[in-house]
Amino acid sequence: MTDERLKATVVADLVRAGQGIFDSHVDPIVGRVLQPGLDGREFQNVPVSTNHYGLRERNWAAPKPAGITRIALLGDSFIFGEGTTEQERVCHQLEKLIAAQTDRPQWSVEVLAIAVPSWNIESACAWLRRALDRVEPDLVLHLSCSNDLDDVEGVRGFGSRSRSAPAFPMRADGRLTYCHPVWFLKAENINRLIWGVDWESQEYYRRAREAIENLAGELERRGVNYTHVYHWSNWNAVARKHLQGSLRDDQQAMIPETFQERAEFWIGPQDRHWNALGSIRVAELLYSLIRQRDLLPDVELPSLLEKDEDARAVWAAGEQELPDREDPLLMARWQEFGSSLDTRAWTEFTATLVHGGIDYDGYVSPYASVALRNVTGGHVHLTGKALDARVLEGTRVAVHVDGLTVGSIELAPGQEFDYRFKIPPPLAERPFLSVRFEAGDWVYTSGDLQHTIVFQLHTLAIEAPDTSGVQAAELVR
1 MTDERLKATV VADLVRAGQG IFDSHVDPIV GRVLQPGLDG REFQNVPVST NHYGLRERNW
61 AAPKPAGITR IALLGDSFIF GEGTTEQERV CHQLEKLIAA QTDRPQWSVE VLAIAVPSWN
121 IESACAWLRR ALDRVEPDLV LHLSCSNDLD DVEGVRGFGS RSRSAPAFPM RADGRLTYCH
181 PVWFLKAENI NRLIWGVDWE SQEYYRRARE AIENLAGELE RRGVNYTHVY HWSNWNAVAR
241 KHLQGSLRDD QQAMIPETFQ ERAEFWIGPQ DRHWNALGSI RVAELLYSLI RQRDLLPDVE
301 LPSLLEKDED ARAVWAAGEQ ELPDREDPLL MARWQEFGSS LDTRAWTEFT ATLVHGGIDY
361 DGYVSPYASV ALRNVTGGHV HLTGKALDAR VLEGTRVAVH VDGLTVGSIE LAPGQEFDYR
421 FKIPPPLAER PFLSVRFEAG DWVYTSGDLQ HTIVFQLHTL AIEAPDTSGV QAAELVR
């Protein structure tokens with residue numbers, strides 16, 4: 001369809017006839033945006049309106065007219081403003097605050113929310129970097145949170161989130177998320193995806209770090225300041241250690257745990273998204289940060305006096321939390337980190353070892369990942385049962401330890417199996433290991449046939465070297 005007006009008309013009709021608020025995006029890294037042209041559709045008990053880019057924002061002018069200073073607030077549901085009205089959001093509060101403090105003729109400020117609920121760091125950075133010529137920001141403030149390593153879900157046909165990740169189509173619904181134990185294993189706590197101690201976690205941090213560096217580097221070439229604001233509660237120090245990369249100290253800021261724990265800023269007891277008061281306070285923090293660091297050198301921002309002093313204290317508290325929390329191995333010692341699990345008898349601790357891809361009954365998706373403590377450097381020992389599915393007969397499931405393939409499971413319908421795979425010498429001394437399963441075929445289950453499974457895992461463990469020769473495997477690179 002080449003007629004843009006006709007295309008816009010058709011899309012508008014589809015949006016009006018639909019439900020939900022999400023729309024797929026052609027970029028698999030971005031995954032999804034919002035449906036364009038929404039006009040007050042309810043989401044999380046508040047009306048949501050969107051522009052023609054599928055963002056909860058006005059239709060800004062492109063190219064940017066003279067006399068406009070444009071700030072891009074980049075992020076996820078916190079910047080989107082989940083649970084708050086358009087006017088209550090941080091972007092609106094910051095724009096109003098700057099405009100009220102700056103008296104310049106023929107000048108205006110725009111603070112744009114470049115954000116979609118559950119965007120991860122890669123999604124947010126990819127969208128803005130690839131749309132920079134349309135956004136033309138004079139400053140980018142990027143807020144990241146503790147679920148911003150998660151795989152971004154796609155969209156089902158009626159505008160709700162799917163269980164698959166467009167960035168990893170061959171994983172089907174084997175999506176990694178730090179809430180996997182809570183959502184799928186009946187646990188009360190999140191997993192170890194944000195700990196940064198095992199290979200999988202470090203890979204997720206690496207991809208996020210590269211996305212940040214790519215965006216920040218492009219902005220620097222354009223003479224635009226970038227600041228990364230960490231909002232990871234007691235994981236701020238770990239996140240900064242893994243994400244800062246080439247960022248300078250003056251390109252990073254930490255919202256301290258003490259601020260994040262203030263319930264008067266929350267939507268509700270079970271929802272820590274910022275309410276109207278929280279949005280105002282965060283806007284004041286960002287205003288002070290812009291002023292202190294001269295992030296808009298062409299705009300003179302006056303002091304907010306006592307509010308400025310309060311903001312300085314908050315930012316300083318974030319930095320002061322770093323020394324005691326920057327070693328993730330110390331964090332790991334604070335909680336039990338096991339070297340085995342049994343899917344027939346989940347416990348709170350074994351459930352939190354699973355990054356994703358294993359359900360409560362032990363069925364494994366086309367991709368699954370588990371973090372285990374390596375206490376022996378010996379073997380990966382796993383037991384399970386092939387599905388009674390003839391279509392999977394002869395299918396091989398690759399078994400990886402960190403970035404190396406150590407062998408495979410050959411599936412024989414309905415047959416139980418018991419495998420030991422030697423841990424390669426380069427990995428034997430690592431304190432934590434990622435054991436990963438990857439298959440190229442699967443079958444459907446669940447009432448709607450929307451859950452994909454390959455085999456049933458019973459037990460998984462890292463054990464001392466074994467000499468019994470039970471289906472031991474050589475290293476496959």
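For the sequence shown, the working numbering assigns the number 1 to the initial residue and increments by one for each residue that follows.
Glycine included, C-beta positions come from ideal geometry on N, C-alpha and C.
Spatial neighbours of Thr258 in its chain, beta-carbon cut-off 7 Å, leaving aside the 5 residues before and after: Once the five neighbours on either side are set aside, the close Cβ partners of Thr258 are Ala317.
C-alpha gap between Asp308 and Arg291, whole angstroms: 9 Å
Alpha-carbon to alpha-carbon, Glu86 and Glu306: 27 Å
Three-state class that DSSP yields for Arg32 in the structure shown: strand
Pro47 - partner residues in DSSP beta bridges: Glu42
Between the CA atoms of Leu285 and Gln251 - distance to the nearest angstrom: 15 Å
Coil, strand or helix - Val116 by DSSP: Of the three classes helix, strand and coil, the one that applies to Val116 here is coil, per DSSP.
Gln471 - DSSP class collapsed to helix/strand/coil: Summary for Gln471: the model assigns pLDDT 46, below 50, so the residue's position carries little reliability; its value from the coordinates is reported in the next sentence. Looking at Gln471 - three-state DSSP - the assignment turns out to be coil, as it is neither helix nor strand.
Cβ pair Lys385, Gln320 closer than 8 Å: no
Cβ-Cβ distance between Val111 and Glu136 below 8 Å: no
8 Å Cβ shell around Tyr204 - same chain, five flanking residues per side excluded: Leu149, Leu176 and Leu193
Leu215, enclosing alpha helix (DSSP H) - first and last residue: Trp199 to Arg221 is the extent of the alpha helix (DSSP H) around Leu215.
Distance, Val406 Cα to Ile423 Cα: 7 Å
Whether Leu277 touches Glu264 by CB criterion (8 Å): Using a Cβ distance threshold of 8 Å, Leu277 and Glu264 count as a contacting pair.
Nearest-angstrom Cα separation, counted from Ile114 out to Leu304: Rounded to the nearest whole angstrom, the CA to CA distance from Leu304 to Ile114 is 26 Å.
Separation of Leu460 from Asn189, as counted between CA atoms: 20 Å
Straight-line gap, His52 to Phe22 (C-alpha atoms, nearest Å): 13 Å
N- and C-terminal bounds of the alpha helix (DSSP H) containing Asn236: Asn236 -> alpha helix (DSSP H) spans Asn236 to Leu243.
Assigned exposure category for Gly223 - 16 Cβ within 10 Å defines buried: exposed
Whole-Å CB distance - Val380 paired with Val454, under 8 Å assumed: About 17 Å; that fails the 8 Å criterion.
Beta-carbon spacing of Ala253, Leu322 below 8 Å: no
Contact the segment 227-247 vs the segment 137-147: 3+ CB pairs below 8 Å: Counting Cβ pairs under 8 Å, three or more are found: they touch.
Whole-Å CB distance - Phe437 paired with Tyr367, under 8 Å assumed: 7 Å
Counted within 10 angstroms of its Cβ, other Cβ atoms place Gln415 as buried (16 or more) or exposed: Its Cβ having fewer than 16 others within 10 Å, Gln415 is exposed.
Arg396 to Gly440 span [Cα, whole Å]: 8 Å
Local conformation of Trp274 per DSSP, three classes: strand
Closest residue to Arg129 among Ser160, Leu97, Ala211 and Trp195 (Cα-Cα distance): Of Ser160, Leu97, Ala211 and Trp195, the residue nearest in Cα terms is Ala211.
For Leu295 and Leu139, the rounded distance between their alpha carbons: 7 Å
Nearest candidate by alpha-carbon position, reference Gln44, set Asp173, Pro117 and Val354: Pro117
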